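K.L.:
Protein sequence lines, in the order shown, are assigned to chains A and B. So for the first sequence, the working numbering puts the first residue at 8; every next one is plus one. So for the second sequence, the working numbering puts the first residue at 8; every next one is plus one. Just dropping this structure here.
Protein chains: 2
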Amino acid sequence: MKNVGILGFGVVGSGVAEVIAMNHDKIASHVGEVIQVKRVLDLREFPDSPFASLITHDADEFFGDSDISIVVETIGGARIAYEFTKRALSLGKSVVTSNKELVSTHGVELMQLAEDNGCCYLFEAAVGGGIPIIRPLHRCLAANEIIRIQGIVNGTTNYILSSMRNVGLSYEDALKQAQQKGYAEQNPTADVDGIDAQRKLSILSSIALNGLYVSPDAIHAEGISSISLDDIEFADKIGCSVKLLASFFNRDGGKPSAFVAPFFVSKNELIASVEDAFNMIIVEGNALGEAMFYGQGAGKLPTASAVVGDVLDAALHSGRNPHITKWYVNADEESVIMPYSDVITNVVVKSCASNADSLMQTFSSFDCKVVCDDSSCSAVVVKGISHKEIEEIIASVIDGSWMHYMD
Amino acid sequence: MKNVGILGFGVVGSGVAEVIAMNHDKIASHVGEVIQVKRVLDLREFPDSPFASLITHDADEFFGDSDISIVVETIGGARIAYEFTKRALSLGKSVVTSNKELVSTHGVELMQLAEDNGCCYLFEAAVGGGIPIIRPLHRCLAANEIIRIQGIVNGTTNYILSSMRNVGLSYEDALKQAQQKGYAEQNPTADVDGIDAQRKLSILSSIALNGLYVSPDAIHAEGISSISLDDIEFADKIGCSVKLLASFFNRDGGKPSAFVAPFFVSKNELIASVEDAFNMIIVEGNALGEAMFYGQGAGKLPTASAVVGDVLDAALHSGRNPHITKWYVNADEESVIMPYSDVITNVVVKSCASNADSLMQTFSSFDCKVVCDDSSCSAVVVKGISHKEIEEIIASVIDGSWMHYMD
Chain A
8 MKNVGILGFG
18 VVGSGVAEVI
28 AMNHDKIASH
38 VGEVIQVKRV
48 LDLREFPDSP
58 FASLITHDAD
68 EFFGDSDISI
78 VVETIGGARI
88 AYEFTKRALS
98 LGKSVVTSNK
108 ELVSTHGVEL
118 MQLAEDNGCC
128 YLFEAAVGGG
138 IPIIRPLHRC
148 LAANEIIRIQ
158 GIVNGTTNYI
168 LSSMRNVGLS
178 YEDALKQAQQ
188 KGYAEQNPTA
198 DVDGIDAQRK
208 LSILSSIALN
218 GLYVSPDAIH
228 AEGISSISLD
238 DIEFADKIGC
248 SVKLLASFFN
258 RDGGKPSAFV
268 APFFVSKNEL
278 IASVEDAFNM
288 IIVEGNALGE
298 AMFYGQGAGK
308 LPTASAVVGD
318 VLDAALHSGR
328 NPHITKWYVN
338 ADEESVIMPY
348 SDVITNVVVK
358 SCASNADSLM
368 QTFSSFDCKV
378 VCDDSSCSAV
388 VVKGISHKEI
398 EEIIASVIDG
408 SWMHYMD
Chain B
8 MKNVGILGFG
18 VVGSGVAEVI
28 AMNHDKIASH
38 VGEVIQVKRV
48 LDLREFPDSP
58 FASLITHDAD
68 EFFGDSDISI
78 VVETIGGARI
88 AYEFTKRALS
98 LGKSVVTSNK
108 ELVSTHGVEL
118 MQLAEDNGCC
128 YLFEAAVGGG
138 IPIIRPLHRC
148 LAANEIIRIQ
158 GIVNGTTNYI
168 LSSMRNVGLS
178 YEDALKQAQQ
188 KGYAEQNPTA
198 DVDGIDAQRK
208 LSILSSIALN
218 GLYVSPDAIH
228 AEGISSISLD
238 DIEFADKIGC
248 SVKLLASFFN
258 RDGGKPSAFV
268 APFFVSKNEL
278 IASVEDAFNM
288 IIVEGNALGE
298 AMFYGQGAGK
308 LPTASAVVGD
318 VLDAALHSGR
328 NPHITKWYVN
338 ADEESVIMPY
348 SDVITNVVVK
358 SCASNADSLM
368 QTFSSFDCKV
378 VCDDSSCSAV
388 VVKGISHKEI
398 EEIIASVIDG
408 SWMHYMD
């Protein structure tokens, strides 16, 4: 028998207890022994929960229980969760988490601590909720140089963009609806400003670079709060959907790039069809080519599914780290990621003041084509332009706007 | 340093050598030591290959080389490959393969042999080519009861169906084209008759059932050789694509079902948009909900990518089985899978002799709806009907045809 302790009994934490109970027999037969939740540490009481009797408020009691060999951290944030994770790992207890903020901020230190203490720090649930992505990327694609990761990694913003497009809601109304339905938090900043996606991209990029840590601070992040219904309708007109994409590129031997920003995505791409709170992540390896992973990127049971998958891995490999995951910091302290202004991208440039001919002339030194040319406005796709260049042209040459483009 | 030996230097085997050479540095840094191919056993000579000097024709020399701790089996088939795999595992050498025929036929014995000898038998590349699916299913979703797997697992047939639809080729011409382009073999039986998909479904089902072995013989398999251009055009008319799907269901506590057959797939489903030789596999877990995996299901480097991923796993976990994969045979020898005639499914029934009203009347005891009703023919979707029932009705009541339906 392996005993699990849960830190934080919110949505995901209680889901973990539920999944372990619901699939008790399958799990026991898979691991070869029973897995059970022994204690839950939370400041609150949960009198109506079937797990009410497991709740303790006493951290010393929780960590002092030597029966508990696997700790699930579902507190969130990088303060108490950080202290508790260090405490558990220092005691040789494996820690499993869905906490992208903590992994992306303190992953380097925590993975080292796990190794030093002969246990694991596992975080499959930190990106893509229930979708398997960390293990496939780290293990199945280990023989590849990862040259691209691009995906919808935040369900809240995709839900809002879907509502704007399918129901015709304004950004504000779509956000309100997402909050009512529980897809967005009352303070939606981390989601709508792209911070959640930035943290997830930090984790994916660090794995893609074979452990070379990419701090979230190094990743440019824009959200969707400036996306208007006009943008959504215009996207439709040029055969695109607006999607908030987390993008990592590492081609041609230059510095890798990583940024979070809204894209016009051609409807020819599968990812343009991803609706509501679903996630899709494209991974491109130099041997594999493209693979895609799709599913529910959040939610109680899907996320708990991934957390418990890691619990089973920790149980099967007790006393060692089955992932052999370790991140390290760039020794010369220079940023791992190229500055956003230098990133070469494809964009759609839209102008209501210029006609298509004059747009084409402005961008004549680039690979470009007209995608809209009517009485209300004109637009061109420009390929292979740097962020700095397009910003300068929009600031000084053209009365218009631009957005990243994917086809 | 870890030395690899390759059995069979065909498309995938030579791809493995290529990927190990191409990504030498990445691989060494991931594993913490250099991985190199030391010997290749093949009856043929490859004078133009950069690996020509590694070729040996002498099996005793190959297996007697105690430097080789990991063997890649890319011979294919279940005869010599079977003997060689047993020989390698008996010597405590881990074996990694893309050979779905061998895994689906002798997997139970070979995994046991690996365990007995403290090594691994790994086969991520046996299903989905380069797409990570075995490890995600077996490990990431281990906390789930797997209630459904449904997917396009054979690229050749999907390529043929795509050509029929997009170019308007007949089945025979599309097959010829696929052969010319190297997507289909000169003897295409294993692909077009659904045997390849049957083997892959045997592997996926055995993992989904937590190691309870599902023999390919227990899986009903139909191919695509009876699909006509009329079927493809009719599918389009009712908002569907024709796809050859491998399906596993394990709902409601009854016996699981597993079969390979063509489906009309509603275009609302992402899987209907999978074109050419690509694969997509949907997995549904009772905690996770749905997840999808998409990518190149065959081809030299994509398949080699998955094989080498397993080589790295074997290297990282030498002396033990990192997957702890073991299959077992049902003790009471009754078939694990329900007879195909009892499988409850959804179907499209098409008739040029009956009108929609009379079709609806025939199926009035089922959930059904009209999907086509014009001068040339009529069709209804019938839900929750058994294979036996629909066969009986088509044989004796209606002058028409039927196909499975997915929406």
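Cβ coordinates follow ideal geometry from the N, Cα and C atoms, glycine included. All of these numbers come straight from a predicted model, not from anything done at the bench.
Would you verify that the beta carbon of glutamine 368/A is, or is not, closer than 8 Å to some beta carbon of chain B?
P.N.:
Taking the first residue of the first sequence as 1, we reach residue 368/A at position 361. No, no contact with chain B.
K.L.:
Taking the DSSP output, what are the residues bridged to serine 408/A?
P.N.:
Within the first sequence, residue 408/A is the residue found at index 401, counting from 1. DSSP output for serine 408/A lists Lys357/A as bridge partner(s).
K.L.:
So what does DSSP say about tyrosine 335/B, is it helix, strand or coil?
P.N.:
Taking the second sequence and counting its residues from 1, the one referred to as residue 335/B is at position 328. Correct three-state label for tyrosine 335/B: strand.
K.L.:
So, helix, strand or coil for phenylalanine 53/A, using DSSP?
P.N.:
The residue labelled residue 53/A in the question sits at position 46 within the first sequence. Three-state result, phenylalanine 53/A: coil.
K.L.:
To which residues of the same chain is phenylalanine 130/B closer than 6 Å at the C-beta, ignoring the five residues directly before and after it?
P.N.:
Within the second sequence, residue 130/B is the residue found at index 123, counting from 1. These residues qualify, in order along the chain: Thr104 and Val110.
K.L.:
Identify the contact partners of asparagine 257/B in chain A, using a Cβ-Cβ distance below 8 Å as the criterion.
P.N.:
In the second sequence, counting from the first residue as 1, residue 257/B sits at position 250. Those within 8 Å of asparagine 257/B in chain A number zero; the least Cβ separation is about 11 Å.
K.L.:
Do glycine 12/B and arginine 46/B have their C-beta atoms within less than 8 Å of each other?
P.N.:
As a position in the second sequence, residue 12/B is number 5, starting the count at 1. As a position in the second sequence, residue 46/B is number 39, starting the count at 1. Yes, they are a contact pair.
K.L.:
Mind pulling the chain B residues with CB within less than 7 Å of glutamate 152/A?
P.N.:
Sequence index remark: in the first sequence, residue 152/A carries index 145 (1-based). In chain order: Asn30 and Lys33.
K.L.:
Identify, in the order they occur along the chain, each residue of the same chain with its Cβ nearer than 8 Å to the Cβ of glutamate 68/B, setting aside the five sequence neighbours on each side.
P.N.:
On the second sequence, position 61 is the one that residue 68/B refers to. Counting only Cβ-Cβ distances below 8 Å, and skipping sequence neighbours, we find Arg46.
K.L.:
Kindly provide the ranges of any beta strand (DSSP E) runs that are 3 or more residues long and lie completely inside the stretch 240-302 of chain B, ordered along the chain.
P.N.:
Correct list: 247-256, 264-273 and 285-292.
K.L.:
Check whether the stretch 25-41 of chain B and the stretch 361-377 of chain A are in contact - that is, three or more C-beta pairs closer than 8 Å.
P.N.:
Judged by Cβ distances under 8 Å, the stretch 25-41 of chain B makes no contact with the stretch 361-377 of chain A, as fewer than three pairs qualify.
K.L.:
With 8 Å as the limit, tell me which residues of the stretch 286-304 of chain B have their beta carbon closer than that to any beta carbon of chain A; keep them in chain order.
P.N.:
Those residues of the stretch 286-304 of chain B that come within reach of chain A (Cβ to Cβ, closer than 8 Å) are Gly292, Asn293, Ala294, Leu295, Gly296, Glu297, Ala298, Met299, Phe300, Tyr301, Gly302 and Gln303.
K.L.:
Going by DSSP in three states, threonine 104/A sits in which element: helix, strand or coil?
P.N.:
Here residue 104/A refers to the residue found at position 97 of the first sequence. Strand.
K.L.:
I need the DSSP call for leucine 129/B, collapsed to helix, strand or coil.
P.N.:
Translated into the one-based positions of the second sequence, residue 129/B becomes position 122. Reduced to three states, the DSSP call for leucine 129/B is strand.
K.L.:
Please classify lysine 395/B: is it buried, with 16 or more other beta-carbons within 10 angstroms of its beta-carbon, or exposed?
P.N.:
Working through the second sequence from its first residue, we reach residue 395/B at position 388. Exposed.
K.L.:
Using only alpha-carbon positions, find the residue among Ile351/A, Thr163/A and His113/A that is nearest to proline 223/A.
P.N.:
By one-based count along the first sequence, residue 223/A stands at place 216. Taking only the C-alpha atoms, the option nearest proline 223/A is His113/A.
K.L.:
Does chain B have any CB closer than 8 Å to the CB of proline 143/A?
P.N.:
Against the first sequence, residue 143/A aligns to sequence position 136. Yes, because at least one Cβ of chain B sits closer than 8 Å to the Cβ of proline 143/A.
K.L.:
Could you name the residues of chain B that asparagine 217/A contacts, counting a contact when the two beta carbons are closer than 7 Å?
P.N.:
Translated into the one-based positions of the first sequence, residue 217/A becomes position 210. In chain order: Lys33, Ser36 and His37.
K.L.:
Express the C-alpha separation of phenylalanine 271/B and valine 249/B in angstroms, rounding to a whole number.
P.N.:
For this step, residue 249/B is matched to residue 242 along the second sequence. For this step, residue 271/B is matched to residue 264 along the second sequence. C-alpha separation (whole angstroms): 5 Å.
K.L.:
Would a C-beta distance cut-off of 8 Å place valine 354/A and isoleucine 400/A closer than the cut-off?
P.N.:
The residue labelled residue 354/A in the question sits at position 347 within the first sequence. The residue labelled residue 400/A in the question sits at position 393 within the first sequence. Cβ atoms of valine 354/A and isoleucine 400/A: not closer than 8 Å.
K.L.:
Considering only the alpha carbon of each residue, which of Ser76/B, Pro57/B, Ala66/B and Ala59/B lies closest to alanine 322/B?
P.N.:
Position 315 of the second sequence, counted from the start, is the residue given in the question as residue 322/B. Per the Cα distances, Ser76/B.
K.L.:
In chain A, which residues lie less than 7 Å from isoleucine 138/B when you measure between Cβ atoms?
P.N.:
What you label residue 138/B is simply residue 131 of the second sequence in a count that begins at 1. Within 7 Å Cβ-Cβ: Ala298.
K.L.:
For a minimum of 3 consecutive residues, which ranges assigned as the beta strand (DSSP E) are wholly contained in the stretch 9-39 of chain B?
P.N.:
Counting whole runs of 3 or more residues, the stretch 9-39 of chain B contains the beta strand (DSSP E) stretches 9-14.
K.L.:
Counting contacts by CB-CB distance shorter than 8 Å, is serine 415/A in contact with chain B?
P.N.:
No statement about residue 415/A is possible, as the shown extent of chain A runs from 8 to 414 and does not include it.
K.L.:
Using a Cβ-Cβ cut-off of 8 Å, state whether glycine 316/A counts as contacting chain B.
P.N.:
The residue you call residue 316/A lines up with position 309 of the first sequence. Glycine 316/A counts as touching chain B.
K.L.:
If distances are taken between C-alpha atoms only, which option among Leu216/B, Ser358/B, Ser382/B and Leu98/B comes closest to aspartate 155/B?
P.N.:
As a position in the second sequence, residue 155/B is number 148, starting the count at 1. This sequence places arginine at residue 155/B; aspartate is not what is there. Comparing Cα-Cα distances from arginine 155/B to each of Leu216/B, Ser358/B, Ser382/B and Leu98/B, the minimum goes to Leu216/B.
K.L.:
What residue from Phe266/A, Glu240/A, Ala242/A and Gly261/A has the CA that sits closest to leucine 252/A's CA?
P.N.:
As a position in the first sequence, residue 252/A is number 245, starting the count at 1. Out of Phe266/A, Glu240/A, Ala242/A and Gly261/A, Phe266/A has the C-alpha closest to the C-alpha of leucine 252/A.
K.L.:
Count the other CB atoms within 10 Å of the CB of valine 388/B; is the residue buried (16 or more) or exposed (fewer)?
P.N.:
Counting from 1 along the second sequence, the entry for residue 388/B is found at position 381. That one is buried.
K.L.:
Quick test of your reading: isoleucine 234/A and proline 269/A, contact by CB under 8 Å. State the CB separation rounded to the nearest angstrom.
P.N.:
As a first step, residue 234/A must be located in the first sequence, where it is residue number 227. As a first step, residue 269/A must be located in the first sequence, where it is residue number 262. Confirmed, Cβ separation roughly 6 Å.
K.L.:
Look at the Cβ atom of serine 264/B, then the Cβ atom of isoleucine 344/B, and state whether they are nearer than 8 Å.
P.N.:
On the second sequence, position 257 is the one that residue 264/B refers to. On the second sequence, position 337 is the one that residue 344/B refers to. The answer is yes: Cβ separation under 8 Å.
K.L.:
With DSSP as the reference, label valine 110/B as helix, strand or coil.
P.N.:
Translated into the one-based positions of the second sequence, residue 110/B becomes position 103. Three-state result, valine 110/B: helix.
K.L.:
By a C-beta neighbour count over all protein chains shown, 10 Å radius and 16 as the cutoff for buried, is valine 404/A buried or exposed?
P.N.:
Counted from its first residue, the first sequence places residue 404/A at position 397. Under this definition valine 404/A is an exposed residue.
K.L.:
If you drop the 5 nearest sequence neighbours on each side, which residues of the same chain put their C-beta closer than 7 Å to that of threonine 369/A?
P.N.:
As a first step, residue 369/A is located in the first sequence; it is residue number 362 there, counting from the start. Excluding residues within five positions, the ones whose Cβ falls inside 7 Å are Ile400, Val404 and Ile405.
K.L.:
With a threshold of 8 Å between beta-carbons, can arginine 4/B be considered close to chain A, or not?
P.N.:
Summary: the structure shown does not reach residue 4/B, with chain B confined to residues 8 through 414, and so no result is reported for it.
K.L.:
Is the distance from the Cβ of valine 79/A to the Cβ of leucine 14/A below 8 Å?
P.N.:
Translated into the one-based positions of the first sequence, residue 79/A becomes position 72. Translated into the one-based positions of the first sequence, residue 14/A becomes position 7. Their beta carbons are under 8 Å apart, which means valine 79/A touches leucine 14/A by this criterion.
K.L.:
Beta strand (DSSP E) containing glycine 158/A: first to last residue?
P.N.:
Indexing the first sequence from 1 puts residue 158/A at position 151. Unbroken beta strand (DSSP E) run through glycine 158/A: 153-159.
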